[in-house]
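Asker: Quick one: the structure is below, questions incoming.
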Amino acid sequence: MRAYDIAFYVALFFILGVGSASLNLSIWYLVGISTITALFLYFDGKTAISLLIFTVFIGFFYYHFYSAFTEDKIIFGRSINFQGIVFKDPSSKLSGQEIDIELQNPYRGKVRIYTPTYPEFKYGDLLDVRGVIEKSSSGRLNIISFPKINVLDIGKGNAFKSSLFSLKRKLISNLQMVLDGEKSALMTGILFGERAEFSKDFNDALQKSGTTHIVALSGFNISIIVTTLASLLSYIWNKRQAFWATVAFIFMFVLMTGAEASAIRAGIMGVVFIIAQRASRLYSFRNAITLTAVIMIIINPKLLLFDVGFELSFLALLGIIYITPSIRKILRFAKEPGFLNWRDSLAQTFGAQLATMPVIFYVFGRITPIAAIPNLLILGLMPLTMFLGFLTSSLGFVSYHLSFITAWFTGVLLGYEIFIINLFGSGF
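Under the working numbering, the letters of the sequence shown match residues 1 to 428, in that order.
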């Protein structure tokens with residue numbers, strides 16, 4: 001067996017071990033499943049089978065080892081007093097603020113606080129909180145609603161991240177100065193993953209039209225964008241220059257969003273995606289995405305089964321690579337991507353949706369049959385929309401009049417995209 005095949009299966013069986021531990025499966029059940037799987041894959045010799053089973057054990061015990069050292073120490077169901085540091089940029093919505101805090105001794109864990117819009121809290125604030133912590137309905141979050149909060153100190157977070165969040169808020173403010181409410185809200189969502197200013201009707205339209213991913217910091221979103229961007233840049237520069245320009249765009253995108261964990265993961269997957277495309281070999285992509293998954297799982301093994309964004313990102317990328325070619329053949333597409341990359345956008349949307357459909361149905365209980373149509377009409381314009389949006393926001397630091405000029409062109413694209421989302425979100 002070739003070295004890259006061995007590396008792939010070792011990584012895959014490690015992930016299997018972590019997944020089994022996440023599901024609280026018996027260790028003996030795990031041994032049986034991994035042995036049968038190894039035999040089914042026609043591995044030669046006891047050494048190869050033993051290696052894979054050993055790798056499963058490593059993944060299984062690593063999850064429990066990680067859990068033992070990171071297990072939450074939280075008292076649920078009764079009023080307690082605790083302190084915590086705001087570790088993410090708070091999200092302001094019409095209903096109030098969402099604040100994520102990291103608990104301090106003697107407690108351990110993360111809690112999401114729902115509180116009124118004012119007073120505003122910021123990243124790095126040390127808070128003293130009194131209230132009742134509960135589990136969310138999904139069981140994924142620890143939440144507390146409208147507790148009593150006092151700010152004990154400020155600036156307790158990472159200085160670099162704090163400056164990035166400040167930059168993000170200023171960029172958002174620049175957009176709000178030159179774009180009207182609905183358009184600036186969508187542009188903010190596309191660039192930064194922020195949905196605070198979305199109305200309930202528009203949120204519903206995004207879900208019903210199957211276009212929610214355009215305002216989500218996921219590998220799916222990034223992969224669609226970088227594919228189109230790389231294709232467009234290849235008309236201007238050679239492939240090498242287009243590749244590095246696309247990587248630079250991803251890096252800039254991650255920084256713009258405040259280097260949130262979800263954005264970093266999406267950025268990494270975007271880079272992996274274009275590297276695999278550049279290599280033009282399926283096994284290169286297979287190993288690259290598996291290695292990426294292993295690295296992320298080592299950092300936090302609970303991502304595998306308890307982070308929907310992580311799951312959807314990887315499934316979408318797998319769908320784009322492995323299912324899209326078959327869709328192109330079925331639809332008899334020419335090799336050319338078409339105007340604004342429409343052929344690739346349609347095929348990739350189908351591929352990604354087919355791969356993510358089981359998880360979407362399980363988690364959200366809804367599959368949108370018509371999603372391919374609005375995605376086809378919108379995705380090809382996303383790179384240009386993002387570029388003009390970023391340019392408009394950046395010009396706000398230089399001149400309001402210059403940013404107003406680019407905002408007009410940005411507004412035309414956003415108006416069209418809002419129209420499509422509302423049209424298909426209304427069910428006609």
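Where a beta carbon is used, it is the ideal one built from N, C-alpha and C, also for glycine.
Is DSSP giving I115 helix, strand or coil here?
Answerer: In the sequence on display, residue 115 carries Thr and not Ile. In this structure, T115 counts as strand in the three-state DSSP scheme.
Asker: Quick check: what's the CA-CA separation for I190 versus T385?
Answerer: When rounded, the distance between both Cα atoms is 9 Å.
Asker: Taking the alpha-carbon positions, what's the F500 to Y9 distance?
Answerer: Coverage of the chain is limited to positions 1 through 428, which leaves residue 500 absent and any answer about it impossible.
Asker: For the pair the segment 369 to 379 and the segment 413 to 427, tell me if three or more CB-CB distances fall below 8 Å.
Answerer: Touching, yes, given that three or more Cβ pairs across the two stretches are closer than 8 Å.
Asker: Would you kindly work out how many angstroms separate the C-alpha atoms of G389 and I6, rounded to a whole number?
Answerer: Each residue's alpha carbon lies about 45 Å from the other.
Asker: Excluding five sequence neighbours on each side, which residues of the same chain lie with their C-beta closer than 8 Å to the C-beta of P106?
Answerer: If we look at P106 and ignore the five residues flanking it on each side, its Cβ neighbours are K73.
Asker: Per the DSSP calculation, Q97 is bridged to which residue(s)?
Answerer: BP columns for Q97 point to S92 and T115.
Asker: Which residue comes first and which comes last in the beta strand (DSSP E) that contains Q83?
Answerer: Residues S79 to V86.
Asker: Leaving out five residues on either side along the sequence, give the residues of the same chain with a beta carbon under 6 Å from the beta carbon of G59.
Answerer: Around G59: F14, G17 and V18.
Asker: How big is the Cα-Cα spacing for L229 and P383?
Answerer: Approximately 6 Å between the Cα atoms of the pair.
Asker: Is K122 near P90, with beta carbons less than 8 Å apart?
Answerer: Yes, they are a contact pair.
Asker: Is it buried or exposed for D180, if we count other Cβ within 10 angstroms and need 16 for buried?
Answerer: D180 comes out exposed.
Asker: Since V129 sits in a beta bridge, which residues does DSSP pair it with?
Answerer: According to DSSP, which records beta bridges pairwise, V129 is partnered with F82 and I149.
Asker: Taking the CB atoms as reference points, tell me whether I214 and T188 lie closer together than 8 Å.
Answerer: No, they are not a contact pair.
Asker: Is any heavy atom of the ligand HEM found at a distance shorter than 7 Å from the C-beta of I214?
Answerer: With respect to small molecules bound, the structure shown includes none, and the ligand HEM cannot be examined in it.
Asker: Under the DSSP definition of a beta bridge, which residues are partnered with L103?
Answerer: Partner(s): G84.
Asker: Exposed or buried, what is M252 when buried is set at 16 or more other beta-carbons lying within 10 Å of its beta-carbon?
Answerer: By the neighbour-count rule (16 or more Cβ atoms within 10 Å), M252 is not buried but exposed.
Asker: Provide the residue span of the alpha helix (DSSP H) that contains T188, from first to last.
Answerer: Residues G181 to F192.
Asker: Would you mind working out which of S136, L152 and V111 sits nearest L127, comparing C-alpha positions?
Answerer: Ranking S136, L152 and V111 by Cα distance to L127 puts L152 first.
Asker: Are the Cβ atoms of S234 and R265 separated by less than 8 Å?
Answerer: Result no, Cβ atoms of S234 and R265 do not sit closer than 8 Å.
Asker: Just the C-alpha distance for G411 and L381, rounded to the nearest angstrom, thanks.
Answerer: Going by the C-alpha atoms only, they are around 13 Å apart.
Asker: Would you please state the rounded distance, in angstroms, between the beta carbons of A355 and A316? I believe it to be under 8 Å.
Answerer: The pair is a contact, with the Cβ atoms about 6 Å apart (cut-off 8 Å).
Asker: Pull up the distance between the alpha-carbon of S26 and that of S20, whole angstroms please.
Answerer: Approximately 8 Å, taken between the alpha carbons.
Asker: Helix, strand or coil for I370? Go by DSSP, reduced to three states.
Answerer: It is coil, neither helix nor strand.
Asker: Please report how far the alpha carbon of R130 lies from the alpha carbon of I99, in whole angstroms.
Answerer: C-alpha separation (whole angstroms): 14 Å.
Asker: In the DSSP assignment, find the unbroken alpha helix (DSSP H) run with V178 in it and report its ends.
Answerer: Counting along the chain, the alpha helix (DSSP H) containing V178 begins and ends at A159 to V178.
Asker: Look at the alpha carbon of K93 and the alpha carbon of E120, and state the distance between them as a whole number of angstroms.
Answerer: Distance between the alpha carbons of K93 and E120 is about 12 Å.
Asker: For P325, is the classification buried or exposed, using 16 other Cβ atoms within 10 angstroms of its Cβ as the cut-off for buried?
Answerer: With fewer than 16 other Cβ atoms within 10 Å, it is exposed.
Asker: When you compare each of A293, V247 and V254 to I275 by their alpha carbons, which one comes out closest?
Answerer: Answer by Cα proximity: V247.
Asker: What does the alpha-carbon distance come out to for the pair S136 and S79?
Answerer: Going from the Cα of S136 to the Cα of S79 covers about 17 Å.
Asker: According to the neighbour-count rule (16 or more other Cβ atoms, all chains shown, within 10 Å of its Cβ), is F198 buried or exposed?
Answerer: With 16 or more other Cβ atoms within 10 Å, it is buried.
Asker: Considering only their Cβ atoms, is the gap separating I378 from G351 smaller than 8 Å?
Answerer: Cβ atoms of G351 and I378: not closer than 8 Å.
Asker: Taking the alpha helix (DSSP H) that H213 belongs to, which residues open and close that run?
Answerer: Neither: H213 is in no alpha helix (DSSP H) and is coded neither H nor E.
Asker: Identify, in the order they occur along the chain, each residue of the same chain with its Cβ nearer than 8 Å to the Cβ of G267, setting aside the five sequence neighbours on each side.
Answerer: So the list reads I222, I250, F251, F253 and V254, once near-sequence residues are dropped.
Asker: Using the beta-carbon count (16 or more within 10 Å), is V403 buried or exposed?
Answerer: The question names Val, but residue 403 in the sequence shown is Ser. Result: buried.
Asker: Pull up the DSSP beta-bridge partners for K135, would you.
Answerer: According to DSSP, which records beta bridges pairwise, K135 is partnered with N142.
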